[in-house]
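Number of protein chains: 2
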Amino acid sequence: MEAKELLQQHIAKIASIKEEDFDYVFSHFKPMSFKKGQAILSEGDKVDCEYFVTSGCLKAFFINDEIKMYILQFAMPTWWTSDYAALYNQTPATISVDCITDAEVLCLSSEDREKLCSEFHQLEHFFRWRTNRGYIASQKRLLSFMNNNVKKRYEELLSLYPQLYNLVPKHLIAAYLGVSRETLSRLHSS
Amino acid sequence: MEAKELLQQHIAKIASIKEEDFDYVFSHFKPMSFKKGQAILSEGDKVDCEYFVTSGCLKAFFINDEIKMYILQFAMPTWWTSDYAALYNQTPATISVDCITDAEVLCLSSEDREKLCSEFHQLEHFFRWRTNRGYIASQKRLLSFMNNNVKKRYEELLSLYPQLYNLVPKHLIAAYLGVSRETLSRLHSS
Chain A
1 MEAKELLQQH IAKIASIKEE DFDYVFSHFK PMSFKKGQAI LSEGDKVDCE YFVTSGCLKA
61 FFINDEIKMY ILQFAMPTWW TSDYAALYNQ TPATISVDCI TDAEVLCLSS EDREKLCSEF
121 HQLEHFFRWR TNRGYIASQK RLLSFMNNNV KKRYEELLSL YPQLYNLVPK HLIAAYLGVS
181 RETLSRLHSS
Chain B
1001 MEAKELLQQH IAKIASIKEE DFDYVFSHFK PMSFKKGQAI LSEGDKVDCE YFVTSGCLKA
1061 FFINDEIKMY ILQFAMPTWW TSDYAALYNQ TPATISVDCI TDAEVLCLSS EDREKLCSEF
1121 HQLEHFFRWR TNRGYIASQK RLLSFMNNNV KKRYEELLSL YPQLYNLVPK HLIAAYLGVS
1181 RETLSRLHSS
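Top line first, the protein sequences correspond to chains A and B.
First residue of the first sequence: 1, per the numbering used here; consecutive thereafter.
First residue of the second sequence: 1001, per the numbering used here; consecutive thereafter.
Next up, the structure:
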């Protein structure tokens, strides 16, 4: 499916934007292509955009004080990603985003998102809904960390991203769960 | 300050609602009073509402599989709280909310929030902004957990809630940080 059609269908699940208005809305999104391994956003960068994934798979990650990588999110088609704290607070990125596979995204600047939201009540509704899904997913991930039950976290991950185990290197799945590769192998075989 | 005025000023920071419209908006909020220690929302409850705190201090918490309590959020005047995952997915609460002090809240049902958001573009804007703040705070808290630097987490907590150390029993601050009371004492004296 073309990127434009994918975005249109994604928004149409929540908000109704007229066909002729959608052309105008879409003109604010900038298509970008990236190669496997390429960085979209790096720690310390100024953050102006958020990204709607149209093909491939990205990861949003964080390197802690002990140089241990944690994956916050895998982003596949129709997922949105950015460092939202940096984007809204106009602070340097603490989260990095790069490409697990070749990938294509639509990039929307913060300024354009705010403009479109003020022009279209239905888009404001869409972005409220979208932000709310992100908030709930983030809360769920926080609770998973607090609950400290690795097996349950692994099952949640597979139900959130069913195709992930075959798509993504095992060390990245371990980095999402915050466990070693050995622990992951035991979980998968049990 | 009266509850109504507090809510009006809180919304006015983000969205402009006419004086006469605000009376109508406010009529959807139900004032409720609670005593210190009283439960507002308990694990397993059906969740229909979110709560805007107008006086006192609440805690939103979670008990894990090892019966260890984690505090997700302290909610003070002008903060909103609920189990948002349960509220939006219509699943039983996994988060509980109770009162650290006597407290007053304004309760808004999900149905009324959606109605008001569709009636007033500006309120939709307000709730998008509010949800976004929640999302960012939740991401920040998740990163804190991943970073696993207790001293930094403690400093973040005090900057988020400067009056907290004198207001809230120490074991609750420890439950927010996920540390023992002894570790908290060492942090505070260092």
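Every residue gets a Cβ at the ideal spot worked out from N, C-alpha and C, and that includes glycine.
> Opposite B:I1095 in the DSSP bridges: which residues?
Replying inline: Bridge partners of B:I1095: none, in fact.
> According to a CB-to-CB cut-off of less than 7 Å, which residues of the segment 127-154 of chain A neighbour chain B?
Replying inline: F127, R128, T131, N132, G134, Y135, I136, S138, Q139, K140, R141, L142, L143, F145, M146, N147, N148 and N149
> Under 8 Å Cβ-Cβ, which residues of chain A neighbour B:H1125?
Replying inline: C117, S118 and E124
> Going by Cα to Cα distance, which pick from B:N1166, B:V1150 and B:L1164 is closest to B:T1192?
Replying inline: The structure shown does not extend to residue 1192 of chain B, since chain B is modelled only from 1001 to 1190, so the question has no answer here.
> Buried or exposed: which applies to A:A39, given that a residue is buried once 16 or more other Cβ atoms fall within 10 Å of its Cβ?
Replying inline: exposed
> Does the beta carbon of A:A85 come closer than 8 Å to any beta carbon on chain B?
Replying inline: yes
> Does any C-beta atom of chain A lie closer than 8 Å to the C-beta of B:Y1161?
Replying inline: no
> What is the rounded straight-line gap between the Cα of A:E18 and the Cα of B:W1129?
Replying inline: Sequence inspection shows Lys at residue 18 of chain A; the Glu mentioned does not correspond to that position. Using only the alpha carbons, I get a separation of about 25 Å.
> With 16 as the cutoff for other CB atoms within 10 Å, does B:R1153 come out buried or exposed?
Replying inline: buried
> Name the chain B residues whose beta carbon is nearer than 7 Å to that of A:Y70?
Replying inline: M1146
> Can you pull the DSSP bridge partners for B:P1031?
Replying inline: B:L1106
> By a C-beta neighbour count over all protein chains shown, 10 Å radius and 16 as the cutoff for buried, is B:K1059 buried or exposed?
Replying inline: buried
>> Can you give me the C-alpha to C-alpha distance between B:E1050 and A:K36, rounded to a whole angstrom?
In response: 43 Å
>> Measuring CB atoms only, is the segment 1173-1181 of chain B touching the segment 1068-1080 of chain B, in the sense that at least three cross pairs come out at less than 8 Å?
In response: yes
>> Taking the alpha carbon of B:M1146 as the reference point, which residue from A:F74, A:E66, A:A15 and A:S109 has its own alpha carbon closest?
In response: A:E66
> How would you list, in chain order, the residues of chain A whose beta-carbon sits under 7 Å from the beta-carbon of B:H1121?
Replying inline: H121 and E124
>> My assumption, with CB atoms under 8 Å, is that B:I1100 sits in contact with B:V1047. Please give the rounded CB distance.
In response: 20 Å between Cβ atoms; not a contact.
> Mind checking if A:F62 is an interface residue toward chain E, Cβ cutoff 8 Å exclusive?
Replying inline: Included in the structure are the protein chains A and B, with no chain E among them.
>> When you compare the CB positions of A:H10 and B:E1124, do they come within less than 8 Å of one another, or not?
In response: no
> From A:A75 to A:D102, what distance separates their C-alpha atoms?
Replying inline: 13 Å
>> Do A:T78 and B:N1132 count as a contact pair if the criterion is CB distance below 8 Å?
In response: no
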